[in-house]
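Just so we're aligned, residue 16 is where the sequence shown starts under my numbering, counting upward by one. Note that the Cβ used here is the ideal one computed from N, Cα and C, for glycine as well. Report on the structure given below.
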Amino acid sequence: MAELLKERKRDRRASVLKAGFFVVAVLVYFWYWSSMFNLGGMQSDVDVTKPYANVVKISGTIGPNAETSFESVAPLLKRAFEDPTAKGVVLAINSPGGTPVQASLIHDLIVDLKTQTHKPVIAVGEDMMTSGAYMIAVAADKLIVNRSTVTGSVGVISAGFGFNGLMDKLGIERRVATAGQSKNLLDPFSPQTDNGIAKQRELLTAIHGHFIDIVKAGRGERLKLDTPGLFEGTVWTGEDAVKIGVVDELGDLQHSAKKYIGVDQTQTLARRKPMLETLLSTAGVKVMSAVIDSSVQTPMATVQ
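And the structure:
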């Protein structure tokens, strides 16, 4: 019986390895052809002989290593604006925001491309269009949201934890050597100081001012500047945001594209992924998982 079980286990491993070699061969084949033809990049079935607009998605957290970053979005924006047959660009935004630098870089690129190409650009907010995402949105000619979209939040936040109390309880001594009095002001392992708090507020106030300048430049006279909390991090529903000029109107992507760009069809641009990367993220992972499973599983007896 033991020999029979061992033989079955060997046969199972051999079958998995054969399947693995087959999938690797398929991956190599597709990699070869995808290196010759740059597949992907568009997500639509538009008739390019008729007017259309390019859609670029701004989704998730915005940051250097996040779902949306300047590095990942910039190529899409350039393709969207520089497409000679596209009539305009739609920013489909569903994001709570992120880092001010990444948001500012994306905003500035949109403004530059809009100036260079003279193409209309609209921003359409979905569930959220707040903070850094709103900073990006104000680069558009028109801002359209759903009545339940959460938008606004023109403010800056810096959050963290202080571990000095815990370190004291554990008997851990923090030893830091610096050159320059301000070098250690924001150290989370040291007690906060008045100078550290003041410096942090100074930085946040400066960045907040940059944010306000961008919003004022983008929205202009449409903003009701006497609105309480306008630049204090307040958020509004889309319905209320229209009333104070934070956004322009309620609507959806397709109707807005037709109204402001004059098109009945849109196509979404996506980052071009090499075929090998796509396949490895699906079939390749499954094969590796099967190989690992086969190496750790043991035959189980059944009682009949």
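From the options, residue whose alpha carbon lies closest to that of residue i
{"i": "residue 145", "options": "164, 124, 182", "result": "164"}
{"i": "residue 283", "options": "275, 268, 277, 274", "result": "268"}
{"i": "residue 188", "options": "179, 194, 102", "result": "179"}
{"i": "residue 74", "options": "62, 65, 87", "result": "87"}
{"i": "residue 237", "options": "260, 230, 281, 228", "result": "260"}
{"i": "residue 13", "options": "123, 72, 226", "result": "Here the chain covers residues 16 to 319 and nothing more, so residue 13 does not appear."}
{"i": "residue 230", "options": "152, 83, 242", "result": "152"}
{"i": "residue 177", "options": "203, 150, 274, 190", "result": "203"}
{"i": "residue 274", "options": "79, 285, 138, 83", "result": "138"}
{"i": "residue 64", "options": "281, 270, 286", "result": "281"}
Euclidean distance between Cα positions of residue i and residue j
{"i": "residue 222", "j": "residue 115", "result": "8 Å"}
{"i": "residue 95", "j": "residue 217", "result": "38 Å"}
{"i": "residue 90", "j": "residue 234", "result": "26 Å"}
{"i": "residue 109", "j": "residue 186", "result": "46 Å"}
{"i": "residue 228", "j": "residue 184", "result": "46 Å"}
{"i": "residue 225", "j": "residue 206", "result": "30 Å"}
{"i": "residue 106", "j": "residue 279", "result": "16 Å"}
{"i": "residue 157", "j": "residue 272", "result": "11 Å"}
{"i": "residue 190", "j": "residue 149", "result": "42 Å"}
{"i": "residue 251", "j": "residue 166", "result": "6 Å"}
{"i": "residue 195", "j": "residue 209", "result": "17 Å"}
{"i": "residue 243", "j": "residue 181", "result": "40 Å"}
{"i": "residue 124", "j": "residue 193", "result": "38 Å"}
{"i": "residue 60", "j": "residue 120", "result": "31 Å"}
{"i": "residue 93", "j": "residue 270", "result": "24 Å"}
{"i": "residue 80", "j": "residue 285", "result": "17 Å"}
{"i": "residue 126", "j": "residue 85", "result": "14 Å"}
{"i": "residue 66", "j": "residue 199", "result": "57 Å"}
Cβ neighbours of residue i in the same chain (closer than 6 Å, five flanking residues each side left out)
{"i": "residue 248", "result": "168, 170"}
{"i": "residue 103", "result": "68, 134, 135, 276"}
{"i": "residue 147", "result": "77, 112, 113, 118"}
{"i": "residue 142", "result": "109"}
{"i": "residue 175", "result": "203"}
{"i": "residue 70", "result": "105, 107, 281, 283"}
Exposed unless 16 or more other CB atoms sit within 10 angstroms - verdict on residue i
{"i": "residue 220", "result": "exposed"}
{"i": "residue 212", "result": "exposed"}
{"i": "residue 245", "result": "buried"}
{"i": "residue 100", "result": "exposed"}
{"i": "residue 155", "result": "buried"}
{"i": "residue 292", "result": "Confidence in residue 292 is poor, its pLDDT being 47 and thus under 50, which makes the residue's placement too unreliable to answer from."}
{"i": "residue 62", "result": "exposed"}
{"i": "residue 239", "result": "exposed"}
{"i": "residue 232", "result": "exposed"}
{"i": "residue 83", "result": "buried"}
{"i": "residue 122", "result": "buried"}
Close beta carbons around residue i, own chain, < 8 Å, minus the five adjacent residues each side
{"i": "residue 265", "result": "159, 160, 161, 162, 253, 254, 257"}
{"i": "residue 263", "result": "157, 158, 159, 237, 257"}
{"i": "residue 97", "result": "128, 132"}
Run of the beta strand (DSSP E) containing residue i, from where it starts to where it stops
{"i": "residue 354", "result": "Past the edges of the chain, shown from 16 to 319, lies residue 354, and the structure says nothing about it."}
{"i": "residue 68", "result": "68-74"}
{"i": "residue 65", "result": "Neither: residue 65 is in no beta strand (DSSP E) and is coded neither H nor E."}
{"i": "residue 142", "result": "136-145"}
Sequence-distant residues of its chain with Cβ nearer than 7 Å to residue i (five each side left out)
{"i": "residue 215", "result": "173, 201"}
{"i": "residue 197", "result": "214"}
{"i": "residue 130", "result": "none"}
Range of the contiguous alpha helix (DSSP H) that encloses residue i
{"i": "residue 116", "result": "115-132"}
{"i": "residue 95", "result": "85-97"}
{"i": "residue 258", "result": "253-258"}
{"i": "residue 165", "result": "Where residue 165 is concerned, there is no enclosing alpha helix (DSSP H), although the beta strand (DSSP E) it sits in stretches over 165-167."}
{"i": "residue 159", "result": "That residue, residue 159, is in no alpha helix (DSSP H); its beta strand (DSSP E) goes 157-160."}
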